[in-house]
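One structure is given here, and the rest of the page talks about it.
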Amino acid sequence: MEYNFIDIEKKWRETWAKNGTYNVGEDSSRPKYYVLNMFPYPSGAGLHVGHPLGYIASDIYARYKRLNGFNVLTPMGYDAYGLPAEQYAIQTGQHPAITTSENINRYREQLDKIGFCFDWSREVRTCEPGYYHWTQWAFQQMFNSFYCNTCQKAQPIEKLVALFEEKGTAHGLDVACSEELQFTAEEWKAMSSVEQQEVLMNYRIAYLGETMVNWCPALGTVLANDEVVDGVSERGGHPVVQKKMKQWCLRVSAYAQRLLDGLNTIDWTDSIKETQRNWIGRSEGTEMQFRVKDSDVEFTIFTTRADTIFGVTFMVLAPESELVAQLTTPEQKAAVEAYLEATKKRTERERIADRRVTGVFSGSYAVNPFTGESIPVWISDYVLAGYGTGAIMAVPAHDSRDYAFAKHFGLPIIPLIEGADVSEESFDAKEGTVMNSPMAGKETLKGFSLNGLSVVEAIAATKKFVTENNLGRVKVNFRLRDAIFSRQRYWGEPFPVYYKDGMPQMVPAACLPLELPEVDKFLPTETGEPPLGNAKKWAWDTVNNCIVENEKIDHVTVFPLELSTMPGFAGSSAYYLRYMDPHNNAGLLSEEVGNYWQNVDLYIGGSEHATGHLIYSRFWNKFLFDLGVSKQEEPFKKLVNQGMIQGRSNFVYRIKDTNTFVSLGLKDQYDVTPLHVDVNIVENDVLDVEAFKAWRPEFATAEFILEDGKYICGWAVEKMSKSMYNVVNPDKIVERYGADTLRLYEMFLGPINQSKPWDSNGIDGCFRFLRRFWNLFFDKQDNFCVVAGEPTKESLKTLHKLIKKVTDDINEFSYNTSVAAFMVAVNELTQQKCNNKEVLETMVILLAPFAPHIAEELWNRMGNEGSVCDATWPAYDESKMKEDSVTLSVSFNGKTRFTIDFPIDATKEDIEKATLESEQTKKYLDGKTIVKMIVVPGRIINIVVK
RNA sequence: GCUCGAAUGGUGGAAUGGUAGACACGAGGGACUUAAAAUCCCUUGGGCAGAAACGCCUGUGCGGGUUCGAGUCCCGCUUCGAGCACCA
Numbered sequence: 005m006e007y008n009f010i011d012i013e014k015k016w017r018e019t020w021a022k023n024g025t026y027n028v029g030e031d032s033s034r035p036k037y038y039v040l041n042m043f044p045y046p047s048g049a050g051l052h053v054g055h056p057l058g059y060i061a062s063d064i065y066a067r068y069k070r071l072n073g074f075n076v077l078t079p080m081g082y083d084a085y086g087l088p089a090e091q092y093a094i095q096t097g098q099h100p101a102i103t104t105s106e107n108i109n110r111y112r113e114q115l116d117k118i119g120f121c122f123d124w125s126r127e128v129r130t131c132e133p134g135y136y137h138w139t140q141w142a143f144q145q146m147f148n149s150f151y152c153n154t155c156q157k158a159q160p161i162e163k164l165v166a167l168f169e170e171k172g173t174a175h176g177l178d179v180a181c182s183e184e185l186q187f188t189a190e191e192w193k194a195m196s197s198v199e200q201q202e203v204l205m206n207y208r209i210a211y212l213g214e215t216m217v218n219w220c221p222a223l224g225t226v227l228a229n230d231e232v233v234d235g236v237s238e239r240g241g242h243p244v245v246q247k248k249m250k251q252w253c254l255r256v257s258a259y260a261q262r263l264l265d266g267l268n269t270i271d272w273t274d275s276i277k278e279t280q281r282n283w284i285g286r287s288e289g290t291e292m293q294f295r296v297k298d299s300d301v302e303f304t305i306f307t308t309r310a311d312t313i314f315g316v317t318f319m320v321l322a323p324e325s326e327l328v329a330q331l332t333t334p335e336q337k338a339a340v341e342a343y344l345e346a347t348k349k350r351t352e353r354e355r356i357a358d359r360r361v362t363g364v365f366s367g368s369y370a371v372n373p374f375t376g377e378s379i380p381v382w383i384s385d386y387v388l389a390g391y392g393t394g395a396i397m398a399v400p401a402h403d404s405r406d407y408a409f410a411k412h413f414g415l416p417i418i419p420l421i422e423g424a425d426v427s428e429e430s431f432d433a434k435e436g437t438v439m440n441s442p443m444a445g446k447e448t449l450k451g452f453s454l455n456g457l458s459v460v461e462a463i464a465a466t467k468k469f470v471t472e473n474n475l476g477r478v479k480v481n482f483r484l485r486d487a488i489f490s491r492q493r494y495w496g497e498p499f500p501v502y503y504k505d506g507m508p509q510m511v512p513a514a515c516l517p518l519e520l521p522e523v524d525k526f527l528p529t530e531t532g533e534p535p536l537g538n539a540k541k542w543a544w545d546t547v548n549n550c551i552v553e554n555e556k557i558d559h560v561t562v563f564p565l566e567l568s569t570m571p572g573f574a575g576s577s578a579y580y581l582r583y584m585d586p587h588n589n590a591g592l593l594s595e596e597v598g599n600y601w602q603n604v605d606l607y608i609g610g611s612e613h614a615t616g617h618l619i620y621s622r623f624w625n626k627f628l629f630d631l632g633v634s635k636q637e638e639p640f641k642k643l644v645n646q647g648m649i650q651g652r653s654n655f656v657y658r659i660k661d662t663n664t665f666v667s668l669g670l671k672d673q674y675d676v677t678p679l680h681v682d683v684n685i686v687e688n689d690v691l692d693v694e695a696f697k698a699w700r701p702e703f704a705t706a707e708f709i710l711e712d713g714k715y716i717c718g719w720a721v722e723k724m725s726k727s728m729y730n731v732v733n734p735d736k737i738v739e740r741y742g743a744d745t746l747r748l749y750e751m752f753l754g755p756i757n758q759s760k761p762w763d764s765n766g767i768d769g770c771f772r773f774l775r776r777f778w779n780l781f782f783d784k785q786d787n788f789c790v791v792a793g794e795p796t797k798e799s800l801k802t803l804h805k806l807i808k809k810v811t812d813d814i815n816e817f818s819y820n821t822s823v824a825a826f827m828v829a830v831n832e833l834t835q836q837k838c839n840n841k842e843v844l845e846t847m848v849i850l851l852a853p854f855a856p857h858i859a860e861e862l863w864n865r866m867g868n869e870g871s872v873c874d875a876t877w878p879a880y881d882e883s884k885m886k887e888d889s890v891t892l893s894v895s896f897n898g899k900t901r902f903t904i905d906f907p908i909d910a911t912k913e914d915i916e917k918a919t920l921e922s923e924q925t926k927k928y929l930d931g932k933t934i935v936k937m938i939v940v941p942g943r944i945i946n947i948v949v950k
């Protein structure tokens with residue numbers, strides 16, 4: 005019987021859809037398991053074979069869990085907002101909603117062919133009002149919350165207002181803020197409403213902040229830090245400049261410590277955790293106050309090397325620091341201004357590319373609080389305004405950047421570590437014994453000295469001294485910045501915000517979702533407003549129809565709406581929660597549903613989201629957890645990163661200035677130019693010459709120099725992309741081999757977490773395997789030949805060996821080795837001519853997660869009711885594996901020479917005795933003496949001889 | 001510069017410290033066939049030996065070490081990949 009995958013797969017695809025086989029609900033009688041894929045952005049190019057890799061891996065796991073009695077949720081949806089659709093709209097006038105919807109349909113069609121067990125009834129699209137309602141809602145909750153550092157939790161902003169009314173800022177709580185403010189209850193009460201709102205903005209988790217942002221002129225929008233790579237935009241590669249702008253921000257930094265701590269509780273790869281730790285960048289140090297000489301100005305610096313206070317020979321301010329204006333003396337004013345002007349002109353990219361030492365003296369001196377010495381204050385762009393306090397104490401002997409600066413400007417360098425040679429470079433390591441702290445004979449504050457201590461001890465001693473003497477405080481700094489949350493774009497979630505007296509107000513809950521309006525054009529307005537500024541009618545209608553009515557305010561007043569939209573990560577930050585309860589109109593998700601599904605047990609996706617989506621959604625979830633909406637502190641318990649599938653390009657070699665192409669093996673005899681050739685007209689690196697001629701008009705008359713009658717192409721591993729003609733479409737594979745073969749092959753290609761090139765050459769092996777498997781069930785006359793009865797001992801052994809291997813492998817996501825194990829088992833069963841029902845039925849269940857269509861078909865043919873999805877995963881029975889004897893290899897000095905069979909229950913002594921008495925041993929000993937004999941029953945015999 | 005990861009045949013890749021190269025592709029040889037396709041069987045890390053049989057040597061990026069025994073563990077390198085990077 006022919007293995008007719010086309011009919012089989014079509015039949016079951018339809019049956020599953022008709023029966024809703026993969027739809028799930030809450031079921032308290034079974035344990036839940038939540039498997040999630042990072043949902044795709046539906047691009048115009050459709051899926052290539054790399055995309056389904058993670059989906060297949062998660063599908064196998066989901067099906068395996070279901071066979072083990074779990075109620076498995078595996079939903080799918082689309083991250084539908086994004087730049088490409090908008091860019092396309094600008095170019096063609098085609099509305100992004102239409103493009104997106106077309107792309108989604110194409111994706112769905114392609115996905116459906118691969119046989120996933122997604123519950124499509126739960127599909128979400130981030131661009132639909134029913135979905136972004138809750139994105140907007142969450143934003144409003146963040147606006148209405150502040151972060152309490154003391155209780156490590158988000159709290160309602162009303163609580164902070166109440167504290168201000170009672171005690172001003174002296175309320176005793178440590179609260180996350182943009183800027184430290186001080187006022188009394190009386191001062192608070194005396195403020196106008198607008199002033200109070202301005203103050204509160206300093207504390208809100210979603211706040212409007214005037215900060216330096218990454219402005220991308222070409223895209224006409226601001227970008228988040230993770231969207232800027234090497235000074236250019238991640239999308240499109242346009243230059244990015246620093247600009248001070250008023251933008252919506254999320255106070256992600258407030259959660260820095262929790263984001264860091266949470267990493268220890270989740271089962272993610274070390275590399276992703278490490279990447280996030282770097283990105284969060286916790287650094288423990290000391291803030292110290294320095295007085296400016298002959299002035300009452302004081303400023304604060306941050307250092308992790310408080311112990312080097314005696315080696316400070318100058319101070320440096322960031323050019324953007326507010327202190328620059330205060331500390332610049334009249335004599336230096338012109339020089340400083342010239343420097344600031346020059347710095348401003350340099351883009352981030354230029355600063356990275358060109359690391360010249362630059363700087364200017366401010367004219368002022370600071371006073372070392374420990375020694376009273378005067379230290380010049382400089383200004384340089386190697387100090388960043390956004391980190392710490394934007395001011396540093398420079399210790400050239402023990403910091404390489406300070407060292408370069410000191411050498412360049414001829415400033416003194418004082419070594420502080422015994423034996424450290426600082427004549428050529430600084431000694432940055434935190435080790436050694438401290439000296440010159442203070443230098444012999446120098447007086448210091450309260451006689452403080454660090455000499456003779458180790459660096460670690462000296463840091464601790466300085467911290468203690470600084471705290472006790474009010475010179476500063478111990479401080480933890482994070483590199484993690486607040487996320488900039490506005491984009492001056494059309495295709496995104498509108499902010500549910502309007503302005504009154506210049507202050508933002510939340511659109512009333514009754515007006516949510518605030519829908520994205522139609523616009524005439526997708527570009528910014530002539531007055532420079534974001535694209536939503538083109539939607540005048542929308543603004544008017546919204547104000548009149550909903551906000552005015554709900555807020556009971558005067559119709560005559562016109563309130564402008566926020567015209568920015570939210571960034572890409574807004575919609576993807578809590579989608580896993582929405583999948584739990586996608587049709588709920590009363591809330592993001594219900595209490596009951598949240599309690600059942602909790603959080604994602606297994607999350608699969610690419611590691612490129614390490615510092616973007618995977619940080620933002622952890623932050624977002626923690627916030628919702630504080631609100632009690634999410635039930636777990638961490639959204640994704642286990643994370644598996646699938647590797648990238650790279651392209652395998654093929655090349656033909658054209659002899660220069662001719663239309664003649666020479667085969668790979670002969671190309672070195674000619675002067676040739678390699679050209680990419682479409683991999684779809686190459687098979688096993690042999691070019692289909694006729695197809696090549698038809699491919700392009702200019703090749704129609706091409707001539708070929710063949711080897712062995714074939715044209716052999718060269719190949720290379722490159723990114724899978726259209727321009728390299730190496731894109732392989734999964735539809736083509738499914739058409740030719742079937743979805744089950746595609747699934748098996750994608751897994752067989754190698755470990756799931758490794759990047760590897762797609763190579764269609766190996767796929768035949770998987771197809772042959774399925775055909776052999778299929779043939780186990782049919783005899784030579786094409787009759788279904790599976791019969792009930794007692795299985796042979798051999799077959800049971802083969803089966804249980806496989807059960808153990810596959811179960812272990814699935815749990816470790818080692819799918820390539822389990823596919824290999826299937827191949828071995830099927831070969832063995834073929835040789836055994838096994839047609840036993842018990843064995844073959846179990847084989848079908850084992851294969852069901854990998855190749856569901858063929859498994860379902862055979863399950864059905866064996867007379868089973870229902871779907872193989874609801875079968876029970878077989879238990880491994882060790883007794884079926886019991887052997888009568890065991891083969892042990894005998895080694896001499898670790899070198900294996902021969903093997904001997906022993907009864908399974910042979911003791912160590914039996915083995916030793918039998919080995920020594922064997923003829924082969926005697927032959928190998930040949931006059932040598934035995935020094936030692938190691939016997940590990942069941943494992944190894946090694947004899948050490950001399 | 002710092003952090004993490006990797007390196008095994010022609011290729012993708014297997015190996016709880018115990019016979020390295022499972023499985024698959026490719027290649028070579030053979031069977032069947034008028035032929036092709038399909039299918040099946042044998043060989044396949046390198047080298048040596050041989051009439052045959054049992055073979056022998058060598059081999060997991062490089063150099064050391066631990067061990068009866070190391071692809072695997074430890075120390076020191078090399079190369080490649082990823083992340084962070086004037087973060088004080």
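Read in the working numbering, the first sequence has 637 at position 633, and its numbers run on one by one without any break.
We treat Cβ as the ideally placed atom computed from N, Cα and C, and that holds for glycine.
On the CB-based measure, 16 or more other CB atoms within 10 Å of its CB, does residue i come out buried or exposed?
i, result
"P88", "buried"
"R700", "exposed"
"W544", "exposed"
"C155", "exposed"
"S149", "buried"
"Y407", "buried"
"A93", "buried"
"D786", "exposed"
Looking only at its chain, what residues have a beta carbon closer than 7 Å to the beta carbon of residue i, apart from the 5 residues adjacent to it on each side?
i, result
"I379", "V316, T317, F318, M319, Y369, A370, N372"
"K467", "T290, A310, V478"
Relative to the alpha-carbon of residue i, which residue among the options has its alpha-carbon at the smallest distance?
i, options, result
"K193", "E184, E183, T173, M205", "T173"
"G647", "K726, S577, K760, R110", "K760"
"W624", "E422, A260, E798", "A260"
"F902", "I944, D123, I417, G632", "I944"
"E170", "S764, T188, V681, D178", "T188"
Could you please give me the residues that DSSP links to residue i through a beta bridge?
i, result
"M397", "M319"
"T891", "D905"
"N41", "I608"
"D311", "DSSP lists no partner for D311."
Determine the extent of the alpha helix (DSSP H) in which residue i is found, giving its start and end residues.
i, result
"G572", "572–576"
"L844", "841–851"
"N109", "100–116"
Just curious, the beta strand (DSSP E) that residue i is in, first and last residue?
i, result
"R901", "899–907"
"K479", "476–481"
Counting only the same chain and skipping the five closest in sequence on each side, list residues whose C-beta sits under 6 Å from that of residue i.
i, result
"L643", "W272, Y607"
"M827", "F773"
"T615", "D230, W283"
"Y386", "R405"
"M584", "L593, V597, W601"
"N654", "V681, V683, V686, C717, W719"
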